[in-house]
Structures are given as C-alpha cells and as structure tokens.
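Under this note's numbering, the first residue of the sequence shown is numbered 369, with each subsequent residue one higher. All C-beta atoms, glycine included, are put in the ideal place defined by N, C-alpha and C.
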Amino acid sequence: MKNLIMKFGLIQAGVAAIGGVIAPIMYLMFMDKGLGLLEMGLLLAASTLFVVIFEIPFGSLADSYGRKKTFLIGEFLLLLVIIGFTVVDSFEGLLLIMALNGISSALFSGTLDALFVERFNAEKESGSPNIMEAQAQVTSFQMLGLALGAVVAGFLPIWFEFMSAGNDFIDFYEVNFVLLIPIVIFHIFMTIKFIDESNVKRTNKSIFDGISEVLGEAGKQVASSPILKILFILDFMGGAAFISLEQLWQPMLSEIIDDKGSSWIFGLIFAANFICLAIGQVLSIPLSKLFKNNYVPLLVICGFIIGGLFVVFSIQESLTGFICIYLLLFMFSGVTVAPVLAMFHENVEEESRSTMLSVKSLVAQAGAFSGALTAGFVADKFGMPTAWLIAGGVVIASTFLYFAPSIISFSKQHAKKQLDEQNELNDEAPVNQQAG
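Pasting the structure below:
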C-alpha cells in the first residue's frame, strides 16, 4: 500500500510542480509578449470556458475508456501548450494555446484521483490507512510539488538570464517553458511506467449520455433544495471575484517592483498563498468550535473581512502592504472552505455525491469565466484597483445570502446535532471507563 501511495504521490507531485513553474510567471510572460489587460482576461476566459465545456464529458470519457489513457492525453496536450508558449507571440495564437490548456486541465481534473481510489480499494489490506488518510498523503505530495515548482519558477529566469541576452528565440520568462519541455516528456514516461490500470469497465453509454445524467441528477437535487441553490450561487460569485486575483496580481506587482531581476518574489508569493490557504483551513476547526459549529456567524464575518480586504488591496502601493493583504485574502478564504463544504455535503444524497461535486466545480468555473471577462475589461478601461473594488463588492453582496432563512435554520439545526452527538460521547466515556 505504501508503494501505491508513493507512486501516485510522485506522479501527482510532478504534475503540481509543472503547474507551479508555469503559474507564477504566466501573466508576466503575456505582458512580455506585448499583451494588454483586456487581452490577458480574454486568454484566461478562453481557458476557463474550455474547462467548463469539457470537464463533465471528459469525466465520462475517463470512466468509459480508462483514466490512465485520459490522463496521458492531458499530458500530451500540456506538452503542446508548453511548446506553444515558447513559439507563439500573437494574441490569436495564444488564444488557441489557452484553449488547449483548458482542454488539458479538463482531462486532468479528478482523473488520477479517481484511479487512485479505485486501486486503493482493490489493494486494501489489514493495517492499511483509511482512504481519507491515504488521500491526505497524496495531497501532501501535491502541495510539496506545487510549492517547489513555484519557488523554482521565480528563480529560473534570473539563473538563466544569459540565455535571453541577445537571443531572439528565448525571452526572459520563456526560459521556464523551454526547460519544462524535457521534464514533461520524462513525466509522461514515468506515468506510463508507474501507473497501472487494468480491467477498464467499458460501457455502451456515449459521453453525451453521461452529461445528461449528471446535469439531470444535479437539476433535481438543486430544484428541491434551497440551500444548494444558495451554495451554488455563492460558488459562482466566489469564482467570479477571486479570478481577478489570479488574473491581475502579477501585472500589479510587476508595476510595484518594476524590476525583472526580482522575479523570484512572484514564485515565493505564489507558494506562500497555498500555505496561507492551508493555515486558514486549520484555523477553521477551532473557530467553528468557538461559534459552537453554527457556521453562519463565522461565514458572515469572514465574508465581510474578505470583501474589505479586496477594497484595501485595491489601494496598496507598497510591496509589503500588497503581499500582506494578498496572503490574508487566501488565509480567510481558507477558513470558509470546511464550513461551506460541510453544509454542501449535509445537503446532497450519498449516491450522487461525486456528481454534485462535479457540478459544484463546474459552477465555480463558470463564475471564473464571467469574472475573467469582466475583470479584464474593467482593468483595461478603468484600472486594476477598480476591478478589485468590484470583486470586493461581489463578495460582500454574496455574504448577505448567508442570512437566508434556509441557511440560518440549517446552521442552527446542524450546530444542535453536533452538540447532541458530543454530549452522547461525553456520557458514554465514563461508562466505558467503568467497564474497563
């Protein structure tokens, strides 16, 4: 079992590291190619749109034709994307590359995770960790890979700046992508060697049958649950607001620093935001207990804080202030993850949990698509601070949805249920001690 966890963990760490090398400098590369804020917004929207379109169909594809094969197709497309970034400079060409990037992301989405769960259940034996512990170990590999890739991403252009000097073929930020080409090829071979998949259960259903089933099941549950309706609206609005951070933080920080030689800062900040997100998720446990597992007060407070931080973020001109507010945004966002997921899981049926998680992701991606278009247009016409002011307004407006009677009622009932369960455990403890 340790061998299985190690194999999947290393492959997932590799994918995360590759993404970590790309993400912290991608928009800087676009700026280096002469693109404006509106054009960068359109590129991000194109990538997000293709994730939205293909995420569910490719989930059905993986179930029908094999998850390993689907994952490998995604890797080959990623290789084409990386090569494309090094040779394409026109907006139209980059639009095509970002569309391919979205398709690649949709092929990756959940594919290897599902295969790991399948293999884990097939090989599980006495003394093995449970599935939650095993997935946590694989996730730790991913986080380590992502952090390592992000840190390296900031230093690579500096270390290899001599490759750009007087060379028209390799620009400053393109160095990252050039060096990734052999690494991705190596990773493809490692995936073929280490990841096994046998007994693929092919079905006679078409991909479109899978889509109609997923959307049909989701539609029935959402129609019958006012809580799910509100949570999906929150996912959409949250995706629309936070995509402006991903889209604009690099151009704004670049203006503040105004020095290519400081590209290492971008990698460190990108790595740090995931650390802050994890810290927020850890803090959500004691904070939930502070409110006696009544999630509404905690989510309302965090929502208003996040909205306020967006407003403060929009007026930052110093490097220290920019970094601090940026990281605080992710930390408070992390605090909200567990409570929102708890409400979500309490309101979906067990047999359709995976389906509803896919739809939840789809809704957030749809929000990100609309947010990318809006933020790009607003930033180009009125400036980046205005885009963040609007994002803050969206977060604050969405926070008022937690005051909906259905949400308040559920939160109080859930808190009471948690308290009753804890009291039962406390009552049983002395009896067990006496029996011992």
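Contact set for residue i: own chain, Cβ-Cβ below 6 Å, skip 5 residues either direction
i	result
Gly635	Pro392, Ala518, Val519, Ala521 and Gly522
Ile776	Val664
Ile764	Gly675
Thr438	Leu429, Ala430, Leu475 and Thr479
Ser682	Pro753, Trp756 and Leu757
Ile611	Ala736, Gly739 and Ala740
Tyr770	Val664, Leu667 and Val668
Val708	none
Status (buried if at least 16 other CB within 10 Å, exposed otherwise) for residue i
i	result
His713	exposed
Leu447	buried
Leu462	buried
Lys728	buried
Lys588	exposed
Leu767	Reading the sequence as shown, one finds Thr at residue 767 and not Leu. Burial call: buried.
Ser631	buried
Ser477	buried
Leu658	exposed
Lys401	buried
Phe418	buried
Leu849	Since the displayed the chain opens at 369 and closes at 804, residue 849 lies outside it and no answer follows.
Ile821	Here the chain comprises residues numbered 369 to 804, so residue 821 is not present and cannot be evaluated.
Ile637	buried
Under 7 Å between C-beta atoms of residue i and residue j
i	j	result
Phe604	Gly735	yes
Ser779	Asn662	yes
Gly607	Ala732	yes
Leu411	Met374	no
Leu475	Phe398	no
Ser415	Asn469	yes
Pro525	Val543	yes
Leu667	Thr723	no
Leu616	Ala747	yes
Leu645	Gly702	yes
Gly377	Val485	no
Thr454	Val383	no
Ser353	Ile424	Outside the shown range of the chain (369 to 804) lies residue 353, about which nothing can therefore be said.
Ser652	Ala609	no
Ala381	Phe509	yes
Leu396	Tyr541	yes
Phe678	Gln684	no
Leu405	Gly744	yes
Close-in-space but distant-in-sequence residues of the same chain around residue i (CB under 7 Å, 5 per side omitted)
i	result
Leu436	Looking at the sequence shown, residue 436 is not Leu but Lys. Excluding sequence neighbours, Lys436 sits near Leu483, Ile563 and Glu565.
Val590	Leu596, Lys597 and Phe600
Ala502	Ile373 and Phe488
Among the options, the one whose alpha carbon lies nearest that of residue i
i	options	result
Phe557	His782, Phe444 and Asn715	Phe444
Ile379	Leu396, Gly513, Tyr395 and Val419	Gly513
Ser472	Asp457, Phe418, Gly442 and Ile673	Gly442
Gly409	Thr742, Ala515 and Glu685	Thr742
Asp457	Ala515, Glu407, Gln503 and Leu769	Glu407
Leu403	Phe459, Ala413, Lys784 and Ser432	Phe459
Ala639	Arg721, Phe659 and Met699	Met699
Ser774	Ala490, Leu440, Arg487 and Ser593	Ser593
Asp626	Asp481, Ala413 and Ser686	Ser686
Ala783	Gly760, Gly434, Leu516 and Ser656	Ser656
Asn791	Ala772, Gly760, Lys660 and Gly761	Lys660
Gly760	Phe771, Gly671, Phe745 and Asp788	Gly671
Ile633	Leu658, Pro654 and Thr688	Thr688
Gly434	Asp481, Phe418, Val419 and Met394	Asp481
Val762	Glu581, Val680, Arg721 and Leu602	Leu602
Glu717	Glu581, Val680, Gln781 and Ala586	Ala586
Ile560	Gly452, Leu440 and Lys749	Leu440
Met515	Pro654, Trp527, Lys785 and Ile643	Inspection of the sequence shows that residue 515 is occupied by Ala rather than by Met. The shortest Cα separation from Ala515 among Pro654, Trp527, Lys785 and Ile643 belongs to Ile643.
Met394	His555, Trp527, Lys785 and Asp539	Asp539
Proximal residues to residue i (C-beta, below 8 Å), its chain only, five neighbours per side dropped
i	result
Leu548	Ile386, Val389, Ile390 and Ile450
Asn715	Ser593, Ile595, Leu596, Leu599 and Phe778
Phe750	none
With three or more beta-carbon pairs closer than 8 Å as the criterion, would you say the region 685-694 touches the region 610-629? yes
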